[in-house]
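What follows is one structure encoded as structure tokens, with my remarks underneath.
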Amino acid sequence: MMTIKPYLLSTVIFFPLFGSLILLFINKEKKNLLKYSAIIISLITFLLSLFLFFEYRENQLGFQFITKFDWIKGLNISYHIGIDGISLLLILLTTFITPIALLSSWENITHNLKEYLFFFLVLETGMIGVFASLDLFLFYIFWEAMLIPMYFIIGIWGGENRIYAAVKFFLYTMFGSLLMLVAIIALGVSAMDQLGYFTTDYLLLKKVALNLPHSTQLIMFIAFTVSFAIKVPLFPFHTWLPDAHVEAPTAGSVILAGVLLKMGTYGLLRFSLTLFPQISIELAPTMSIIAIIGIIYGALVAMVQPDMKKLIAYSSVSHLGFVVLGIFAFTLESQQGALIQMINHGLSTGALFLLVGMIYDKRHTRMISEFGGLARVVPIYATILLIVSLSSIGLPGLNGFIGEFLILLGTFKSSVLNSYWYTVFAATGVIFAAVYLLWMYQRVIFGKLENPHNKDLKDLNKREIGLLVPIIVLIVWIGIYPSTFLSKSELSIKEILKEVVSSKIELISK
Amino acid sequence: MDKLGNILHSLNFFYPEIALTLTFFILLLVDLFFRKSKHLLPVLSLIGYVITGYFSFTTPNASGFLFSTGMANVGLYITDSFAFYFKLIILLSLIYTVLFSILSKEINESTENRGEYYALLASFGLGMFLLTSSTDLITIYLAFEMVSLSSYILAGFTRKVPRSAEASLKYIIFGAVASGVMIYGISILYGLTGTTNIYLINFYLANQNYNTLTLVIAGLMIIGGFGFKISMAPFHFWTPDVYEGAPITITAVLSVASKAAGFAILIRFLKVAFVDYAATNLQASLWAILPGFQWNDILAVLSVLTMTLGNLAALWQNNLKRMLAYSSIAHAGYMLSGFVILDNQGILAILIYFAIYLFMNLGAFFIVMLISDKLGSEDIDDYTGLGYKAPFLTVSLTIFLVSLTGIPPTAGFIAKLYLFAALVNTGWLWLALVGVVNSVISLYYYMRVVKNMFLRESISTYEQKIELGHVLISFSLLIPTLVFGVYFKPLIELAEKSIRIFGF
Chain A
2 MMTIKPYLLS TVIFFPLFGS LILLFINKEK KNLLKYSAII ISLITFLLSL
52 FLFFEYRENQ LGFQFITKFD WIKGLNISYH IGIDGISLLL ILLTTFITPI
102 ALLSSWENIT HNLKEYLFFF LVLETGMIGV FASLDLFLFY IFWEAMLIPM
152 YFIIGIWGGE NRIYAAVKFF LYTMFGSLLM LVAIIALGVS AMDQLGYFTT
202 DYLLLKKVAL NLPHSTQLIM FIAFTVSFAI KVPLFPFHTW LPDAHVEAPT
252 AGSVILAGVL LKMGTYGLLR FSLTLFPQIS IELAPTMSII AIIGIIYGAL
302 VAMVQPDMKK LIAYSSVSHL GFVVLGIFAF TLESQQGALI QMINHGLSTG
352 ALFLLVGMIY DKRHTRMISE FGGLARVVPI YATILLIVSL SSIGLPGLNG
402 FIGEFLILLG TFKSSVLNSY WYTVFAATGV IFAAVYLLWM YQRVIFGKLE
452 NPHNKDLKDL NKREIGLLVP IIVLIVWIGI YPSTFLSKSE LSIKEILKEV
502 VSSKIELISK
Chain B
346 MDKLGNILHS LNFFYPEIAL TLTFFILLLV DLFFRKSKHL LPVLSLIGYV
396 ITGYFSFTTP NASGFLFSTG MANVGLYITD SFAFYFKLII LLSLIYTVLF
446 SILSKEINES TENRGEYYAL LASFGLGMFL LTSSTDLITI YLAFEMVSLS
496 SYILAGFTRK VPRSAEASLK YIIFGAVASG VMIYGISILY GLTGTTNIYL
546 INFYLANQNY NTLTLVIAGL MIIGGFGFKI SMAPFHFWTP DVYEGAPITI
596 TAVLSVASKA AGFAILIRFL KVAFVDYAAT NLQASLWAIL PGFQWNDILA
646 VLSVLTMTLG NLAALWQNNL KRMLAYSSIA HAGYMLSGFV ILDNQGILAI
696 LIYFAIYLFM NLGAFFIVML ISDKLGSEDI DDYTGLGYKA PFLTVSLTIF
746 LVSLTGIPPT AGFIAKLYLF AALVNTGWLW LALVGVVNSV ISLYYYMRVV
796 KNMFLRESIS TYEQKIELGH VLISFSLLIP TLVFGVYFKP LIELAEKSIR
846 IFGF
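Chains as they are written, first to last, in the working numbering: chain A, 2 to 511; chain B, 346 to 849.
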């Protein structure tokens, strides 16, 4: 084990890419072979990432599994990767969700299967790479490298309006990332003033950024944060999300909700906060207010959606508002809650998208009004949908409760925000969530079975149940015993908080 | 006798140009006697270019001016690493153009003039070689005209096609005006300083009094002439028409090589003539420019205009060739922004950009050529669904377009990265931001092609068999486009060696 350890992280990152290249050599007519290969590759990646999980030392400070070698000597850009507790959990989420998403498209992707699987595996490498990069240049490359596969996944295999959605997604994200690129370059250049050489190494830039004039920090913070906010998506940058979600194929939505959006919140936590701690504290109230607007706005819009997929898409806006609020409340509880809520959202919303996709495959509609009384025809489906909806609402005993409770508790205690009104307003989001999800559940599952098309609906088959069960196990696991995961990230969150708070003390003493 | 000795000495450093000249003559002669042979001319051209390339590498840089006019220390011509770099780019694009021409339906169908075509291509190349190394306004003008005249004819080469003839005529009219304006500027500058050598102009401007307004007018006129070659706004109007009308092989070479030569001479002229030698602030590596003519501010505005106009116009194009023409205007704008920062970093960024631009732009034109030869159309709407009928070509085109947009991990990203880094580093943040916004605009129209190829269902009955030649040439362009996106150290090192302009 010791010999593999230095390369383990790189292996996890690049194994899917390697696998995707293998797929290219398989005849495109051999569909089953293609599917099984893709699943096996993603499962092996998951197993490899489990090694990361077990080998990770949770009581050790700093980054682990660090690999570093020079890439571009002249600019001091290096291939520098490593993970802390936060990245660890998100990488695990990625490798866990990807095989499930692939399995969910077992039957409904019929054309250009090879390309589809290829893009999916390339996407996985990009996602894991984002969470593991410790060099901003490398980070940016992974960040952008994911755009193209996602563009094609939405654009080729999506719904009717897929082209519009794909282009919108691409333009929004590209705009944000180019802003970030300028900020990265600007940071590297300021390193030149302070250290005497250009660099994009995260650990070095952290110190460089601290010494910059306040106004420069502010501009850079905004550039980074806007880029992440578009990805999250934070109100008012959210308008690409409903389109992308609705038009993407089920597996695409699952990955989008499950992992891609987390890259935005991860970016906030990892880069915006630690690179510009003073600004983050100063702007914490503003960011929290924007987050709360997102929570309430997303929930209200979700309530009136006639389309199940769109409803869930807007609920994402609301749920991710909680995450951002937790990040900017700057307490251990709130940030731990934000992290666990990222995972929760990936699981619950991912599962909701899967469930909607399954009913869509059978009925070719997602309109709530087309359904009603499904409990009698598809009891297993009804049961699983109930569990997942309740988890998304935040019922105690399931995962959503842990995340939301920690965030609200942390926000209430927060000395940075220093007002209980944030908690009060945010808490309404929980109530709204109960309203829109349960109302949807009631309209779809209960009542009389009136629509004749629904009479012969088949219940979930073994494959469908099989891919939902692991998610449900985790939903319950986190709900009952979250420490398995929280303990991994506790020290890392504490470290972030320590950095931010120490800068605040500096600020006051100045 | 002394003069003759000087000329003979100079010829020792002139081998590449001599080789090109011989290539030109041989092609003309061979065409007279062997009209039937189809592959003889292109093969001879290739051999000529390879020999030129060999001499370019083996001939050392002269330690002084070539072809001295008798006065101490100045001459008409120099060979420095800066010129060498651009000559490499020009030569590479010439070689690719010949390779494209062998495969092009357009060129092969017009059998009667093929001799002139390859010969003119060589003279076009010779003109560009001369332009990159000239240090005297007279040689600059002569080389400039040599490039222009060859390209006028080449643009109208398929003259029986109306749009090609139209393109050629437009090109001549615009070109004539541009070179008229330029020579007028040159004569004013000569009147001001009494010399046509750019090093001496610098010397006089630094040490004598002159009328600032006159100098500005002269400078603007000369820049206008060069701006015409690099299709800089507002001298870009000819570009879309000519690029659309000319045979696509010529469009490709015009968009890369002739632009490279234009940039080389623009940079050389401004940097040599208008930089204050004595006051150059070595520590900050910034150049001090002579008072009177603040060309960097002018170029900043022109650069923003060029990239924005190019990109905005490209948005509305339905013809792919025309869209690539506008996009090449935009790329000229990006590159110009590297020059306004008055620093070697900016020049370095331009050099890197050009090398990468060579591969990605030629690549895009090559694929468009292959597809339109079979499809009979360059209309973007006719590309609908091609992704499933010609996967190899469309995937390659996608990679080139992604690179032109500047998305990692392609080389285009590295080009933009170095450019924006240089801008941010020297305090031109706003210019970098304009570049960023422009990149997002360009994303839209590049992706429109990709969208049509892959995201829409096919309507046409298009079919294409891929030949080995297509694949080999595509790969020779694809590999640099992808490899330089991840491993670009050798390219940077080469460019770093080449930023030195003679005398600075």
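Just so you know, even glycine gets a beta-carbon here, dropped at the ideal spot from N, CA and C.
Please list, in chain order, all residues of the same chain as leucine 492 of chain A whose beta carbon is under 6 Å from its beta carbon, the five residues on each side excluded.
Working through the first sequence from its first residue, we reach residue 492 of chain A at position 491. Excluding residues within five positions, none has a Cβ falling inside 6 Å.
Buried or exposed for threonine 99 of chain A, please, with buried defined as at least 16 other CB atoms from any protein chain shown within 10 angstroms of its CB.
For this step, residue 99 of chain A is matched to residue 98 along the first sequence. By the 10 Å Cβ count, threonine 99 of chain A comes out buried.
Helix, strand or coil: how does DSSP classify aspartate 342 of chain B here?
Within the shown structure, residues of chain B are numbered from 346 to 849, placing residue 342 of chain B beyond reach of any answer.
Using CA coordinates, which residue listed in A:Ile23, A:Leu137, A:Leu353 and A:Ile293 is at the minimum distance from glycine 253 of chain A?
Taking the first residue of the first sequence as 1, we reach residue 253 of chain A at position 252. For glycine 253 of chain A, the nearest C-alpha among the options comes from A:Leu353.
Output the boundary residues of the alpha helix (DSSP H) element that contains histidine 815 of chain B.
The residue labelled residue 815 of chain B in the question sits at position 470 within the second sequence. Counting along the chain, the alpha helix (DSSP H) containing histidine 815 of chain B begins and ends at 813-831.
According to DSSP, what are the bridge partners of tyrosine 80 of chain A?
On the first sequence, position 79 is the one that residue 80 of chain A refers to. Tyrosine 80 of chain A pairs with A:Phe70.
Could you name the residues of the same chain whose beta carbon sits closer than 7 Å to that of serine 510 of chain A, not counting the 5 residues immediately before and after it, in chain order?
As a position in the first sequence, residue 510 of chain A is number 509, starting the count at 1. Only weak support is given to the placement of serine 510 of chain A: the predicted model assigns it a pLDDT of 46, under 50, and the question is left unresolved by the model.
So, helix, strand or coil for glycine 420 of chain B, using DSSP?
Position 75 of the second sequence, counted from the first residue, corresponds to residue 420 of chain B. Three-state DSSP puts glycine 420 of chain B in a strand.
Please give the ranges of any beta strand (DSSP E) in the region 275-309 of chain A, keeping only runs that are unbroken, at least 3 residues long and fully inside the region.
Those beta strand (DSSP E) runs which fall completely within the region 275-309 of chain A and span 3+ residues do not exist here.
Could one say the Cβ of glycine 299 of chain A lies closer than 7 Å to chain B's Cβ atoms, at least one of them?
Within the first sequence, numbered from 1, the residue matching residue 299 of chain A stands at position 298. Not one chain B Cβ lies under 7 Å of glycine 299 of chain A.
Are the C-beta atoms of phenylalanine 176 of chain A and some chain B residue less than 7 Å apart?
Numbered from 1 along the first sequence, position 175 holds the residue referred to as residue 176 of chain A. Chain B, which has a Cβ nearer than 7 Å to the Cβ of phenylalanine 176 of chain A, makes this yes.
Considering only residues of the region 661-722 of chain B, which uninterrupted beta strand (DSSP E) runs meet the minimum length of 3 residues and lie entirely inside it, listed in chain order?
Entirely contained in the region 661-722 of chain B, not one beta strand (DSSP E) run reaches 3 residues.
If we ignore side chains and look at the alpha-carbon of each, how far apart do asparagine 663 of chain B and glycine 572 of chain B end up?
Translated into positions along the second sequence, residue 663 of chain B becomes position 318. Translated into positions along the second sequence, residue 572 of chain B becomes position 227. Using only the alpha carbons, I get a separation of about 26 Å.
So with Cβ pairs under 7 Å, would you call asparagine 656 of chain B a contact of chain A?
The sequence position of residue 656 of chain B within the second sequence is 311, counting from 1. No, no contact with chain A.
Tell me which residue opens and which closes the beta strand (DSSP E) that serine 413 of chain B is part of.
Within the second sequence, numbered from 1, the residue matching residue 413 of chain B stands at position 68. Residues 411-413.
Taking the alpha carbon of threonine 412 of chain A as the reference point, which residue from A:His239, A:Gln306, A:Arg163 and A:Phe329 has its own alpha carbon closest?
Here residue 412 of chain A refers to the residue found at position 411 when the first sequence is read from its first residue. It is A:Phe329.
For isoleucine 352 of chain B and leucine 494 of chain B, I'd like the C-alpha separation in whole angstroms.
For the purposes of this step, residue 352 of chain B is taken as residue 7 along the second sequence, with counting starting at 1. For the purposes of this step, residue 494 of chain B is taken as residue 149 along the second sequence, with counting starting at 1. The alpha-carbon atoms of isoleucine 352 of chain B and leucine 494 of chain B are separated by roughly 27 Å.
Expressed to the nearest angstrom, what Euclidean distance is found between the alpha-carbon atoms of valine 375 of chain B and threonine 653 of chain B?
Counted from its first residue, the second sequence places residue 375 of chain B at position 30. Counted from its first residue, the second sequence places residue 653 of chain B at position 308. Each residue's alpha carbon lies about 46 Å from the other.
When the Cα of isoleucine 385 of chain A is compared with those of A:Phe171, A:Val474, A:Gln337 and A:Gly480, which residue comes out closest?
Taking the first sequence and counting its residues from 1, the one referred to as residue 385 of chain A is at position 384. Nearest C-alpha to isoleucine 385 of chain A: A:Val474.
Evaluate the contact criterion for the region 271-283 of chain A versus the region 307-321 of chain A: three or more CB pairs, one atom per stretch, below 8 Å.
Because the criterion of three Cβ pairs below 8 Å is not met, the region 271-283 of chain A and the region 307-321 of chain A do not touch.
Can you find a C-beta in chain A that's less than 7 Å from the C-beta of serine 843 of chain B?
By 1-based counting over the second sequence, the position of residue 843 of chain B is 498. No, serine 843 of chain B does not count as interfacial toward chain A.
Let's see if you can read the secondary structure: which residues bound the alpha helix (DSSP H) around isoleucine 432 of chain A?
Translated into positions along the first sequence, residue 432 of chain A becomes position 431. Per DSSP, isoleucine 432 of chain A belongs to the alpha helix (DSSP H) from 422-446.
Alpha carbon to alpha carbon, how far is alanine 376 of chain A from methionine 343 of chain A? Give it in angstroms, no decimals.
Within the first sequence, the letter at position 342 stands for residue 343 of chain A. Within the first sequence, the letter at position 375 stands for residue 376 of chain A. About 30 Å.
Would a C-beta distance cut-off of 7 Å place serine 787 of chain B and asparagine 641 of chain B closer than the cut-off?
Against the second sequence, residue 787 of chain B aligns to sequence position 442. Against the second sequence, residue 641 of chain B aligns to sequence position 296. Not a contact, by the Cβ cut-off of 7 Å.
Check the Cβ of proline 753 of chain B against every Cβ in chain A and list those closer than 8 Å, keeping chain order.
Start at 1 with the first residue of the second sequence, and residue 753 of chain B comes out as number 408. Correct list: Tyr141, Ile142, Glu145 and Ala146.
Spell out whether any CB of chain B is found under 7 Å from the CB atom of isoleucine 186 of chain A.
Reading the first sequence from its first residue, position 185 is the one you call residue 186 of chain A. Answer yes: the Cβ-Cβ gap between isoleucine 186 of chain A and chain B drops below 7 Å somewhere.
Buried or exposed for lysine 449 of chain A, please, with buried defined as at least 16 other CB atoms from any protein chain shown within 10 angstroms of its CB.
Translated into the one-based positions of the first sequence, residue 449 of chain A becomes position 448. Burial call: exposed.
Would you tell me roughly how many angstroms separate the C-alpha atoms of phenylalanine 433 of chain A and aspartate 726 of chain B, rounded to the nearest one?
The residue you call residue 433 of chain A lines up with position 432 of the first sequence. The residue you call residue 726 of chain B lines up with position 381 of the second sequence. Phenylalanine 433 of chain A and aspartate 726 of chain B: Cα-Cα distance of roughly 46 Å.
Please report whether the beta-carbon of glycine 156 of chain A lies at a distance below 7 Å from any beta-carbon of chain B.
Counted from its first residue, the first sequence places residue 156 of chain A at position 155. Taking Cβ atoms only, chain B reaches closer than 7 Å to glycine 156 of chain A, which makes this a yes.
Contact check, leucine 738 of chain B vs leucine 715 of chain B under 8 Å by CB: the rounded distance?
Position 393 of the second sequence holds residue 738 of chain B. Position 370 of the second sequence holds residue 715 of chain B. At roughly 6 Å, the Cβ-Cβ gap stays under 8 Å, so leucine 738 of chain B and leucine 715 of chain B are in contact.
Which residues does DSSP list as the beta-bridge partners of methionine 368 of chain A?
By one-based count along the first sequence, residue 368 of chain A stands at place 367. Answer is A:Asp308, bridged to methionine 368 of chain A.
Would you verify that the beta carbon of serine 821 of chain B is, or is not, closer than 7 Å to some beta carbon of chain A?
Residue 821 of chain B sits at position 476 when you count from the first residue of the second sequence. For serine 821 of chain B, the answer is no, since every Cβ of chain A falls outside 7 Å of its Cβ.
Give the residues of chain A in contact with valine 781 of chain B, contact being defined as C-beta atoms less than 9 Å apart.
Position 436 of the second sequence, counted from the first residue, corresponds to residue 781 of chain B. The contacting residues are Phe176, Leu179, Leu180, Leu182 and Val183.
Per DSSP, what are the beta-bridge partners of leucine 788 of chain B in this structure?
Residue 788 of chain B sits at position 443 when you count from the first residue of the second sequence. In DSSP, leucine 788 of chain B forms no bridge with anything.
Does chain B have any CB closer than 7 Å to the CB of valine 190 of chain A?
Locating residue 190 of chain A in the first sequence gives position 189, where the first residue counts as 1. Closer than 7 Å to some Cβ of chain B, the Cβ of valine 190 of chain A qualifies, so yes.
Measure the CB-CB distance between proline 307 of chain A and isoleucine 369 of chain A and report whether it falls below 7 Å.
The residue given as residue 307 of chain A occupies position 306 in the first sequence. The residue given as residue 369 of chain A occupies position 368 in the first sequence. Yes, the pair counts as a contact, with Cβ atoms nearer than the cut-off.
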